[in-house]
(Lines of atoms letter the chains of each structure in order from A and count residues from 1; the text may use other names and numbers.)
(Lines give C-alpha, C1' and ligand atoms only; values in the text may rest on other atoms or scores of the structure.)
Protein backbone atom coordinates (compact mmCIF):
# COMPACT_ATOMS: atom_id res chain seq x y z
CA UNK A 1 0.00 0.00 0.00
CA UNK A 2 2.83 2.38 0.82
CA UNK A 3 4.02 2.50 -2.78
CA UNK A 4 0.48 2.80 -4.16
CA UNK A 5 -0.37 5.64 -1.78
CA UNK A 6 2.73 7.53 -2.88
CA UNK A 7 2.16 6.90 -6.60
CA UNK A 8 -1.61 7.44 -6.71
CA UNK A 9 -1.92 10.53 -4.54
CA UNK A 10 -5.08 11.72 -6.31
CA UNK A 11 -6.96 8.65 -5.00
CA UNK A 12 -5.97 9.39 -1.39
CA UNK A 13 -6.89 13.02 -0.84
CA UNK A 14 -5.09 14.13 2.31
CA UNK A 15 -2.37 13.08 4.74
CA UNK A 16 -4.80 11.93 7.43
CA UNK A 17 -6.50 9.57 5.00
CA UNK A 18 -3.11 8.22 3.88
CA UNK A 19 -2.15 7.54 7.49
CA UNK A 20 -5.50 5.86 8.22
CA UNK A 21 -5.26 3.67 5.10
CA UNK A 22 -1.69 2.63 5.96
CA UNK A 23 -2.51 1.88 9.61
CA UNK A 24 -5.57 -0.18 8.67
CA UNK A 25 -3.34 -2.81 7.03
CA UNK A 26 -1.10 -3.40 10.05
CA UNK A 27 -1.09 -6.35 12.43
CA UNK A 28 -3.41 -5.83 15.42
CA UNK A 29 -0.71 -5.37 18.06
CA UNK A 30 1.27 -2.96 15.86
CA UNK A 31 -1.96 -1.21 14.78
CA UNK A 32 -2.88 -0.34 18.37
CA UNK A 33 0.55 1.08 19.18
CA UNK A 34 0.72 3.16 16.00
CA UNK A 35 -2.87 4.40 16.28
CA UNK A 36 -2.40 5.47 19.92
CA UNK A 37 0.67 7.54 19.05
CA UNK A 38 -1.43 9.57 16.57
CA UNK A 39 1.17 10.13 13.84
CA UNK A 40 0.50 13.16 11.66
CA UNK A 41 2.31 12.23 8.44
CA UNK A 42 2.66 9.06 6.39
CA UNK A 43 6.45 9.20 6.75
CA UNK A 44 6.16 9.43 10.55
CA UNK A 45 3.73 6.50 10.52
CA UNK A 46 6.01 4.34 8.38
CA UNK A 47 9.04 5.13 10.56
CA UNK A 48 7.13 4.30 13.75
CA UNK A 49 5.81 1.07 12.23
CA UNK A 50 9.30 0.01 11.16
CA UNK A 51 10.66 0.70 14.65
CA UNK A 52 7.89 -1.34 16.27
CA UNK A 53 8.42 -4.24 13.85
CA UNK A 54 12.17 -4.15 14.59
CA UNK A 55 11.40 -4.37 18.32
CA UNK A 56 9.03 -7.27 17.73
CA UNK A 57 11.55 -9.18 15.60
CA UNK A 58 14.33 -8.52 18.12
CA UNK A 59 12.11 -9.84 20.92
CA UNK A 60 11.46 -13.02 18.91
CA UNK A 61 15.09 -13.51 17.85
CA UNK A 62 16.68 -13.18 21.30
CA UNK A 63 15.08 -16.31 22.84
CA UNK A 64 15.89 -18.27 19.68
CA UNK A 65 19.57 -17.33 19.96
CA UNK A 66 19.59 -18.34 23.63
CA UNK A 67 18.16 -21.75 22.71
CA UNK A 68 20.78 -22.22 19.99
CA UNK A 69 23.54 -21.23 22.42
CA UNK A 70 22.21 -23.69 25.03
CA UNK A 71 22.06 -26.55 22.53
CA UNK A 72 25.32 -25.88 20.69
CA UNK A 73 27.32 -24.27 23.47
CA UNK A 74 27.96 -21.13 21.41
CA UNK A 75 26.41 -18.93 18.77
CA UNK A 76 27.09 -20.23 15.24
CA UNK A 77 29.24 -17.94 13.08
CA UNK A 78 26.44 -17.45 10.57
CA UNK A 79 24.13 -16.07 13.28
CA UNK A 80 26.33 -13.38 14.79
CA UNK A 81 24.25 -10.51 16.09
CA UNK A 82 25.68 -7.11 15.34
CA UNK A 83 24.46 -3.95 17.02
CA UNK A 84 24.19 -1.02 14.66
CA UNK A 85 23.30 2.56 15.50
CA UNK A 86 20.98 4.04 12.87
CA UNK A 87 19.45 7.44 13.62
CA UNK A 88 19.90 6.92 17.39
CA UNK A 89 18.00 3.61 17.20
CA UNK A 90 19.88 0.48 18.18
CA UNK A 91 19.01 -2.33 15.80
CA UNK A 92 20.24 -5.90 15.78
CA UNK A 93 20.94 -7.43 12.41
CA UNK A 94 21.39 -11.16 11.99
CA UNK A 95 24.15 -11.69 9.47
CA UNK A 96 23.94 -14.75 7.29
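Numbering (my numbering), first residue to last: 760 to 855. Every residue, glycine too, gets a C-beta built ideally from N, C-alpha and C.
Assigned exposure category for residue i - 16 Cβ within 10 Å defines buried
| i | result |
| --- | --- |
| residue 762 | exposed |
| residue 797 | exposed |
| residue 799 | exposed |
| residue 830 | exposed |
| residue 801 | buried |
Residue i, DSSP secondary structure in three states
| i | result |
| --- | --- |
| residue 799 | coil |
| residue 785 | coil |
| residue 792 | helix |
| residue 809 | helix |
Whole-angstrom C-beta distance between residue j and residue i, which should lie under 8 Å
| i | j | result |
| --- | --- | --- |
| residue 808 | residue 793 | 6 Å |
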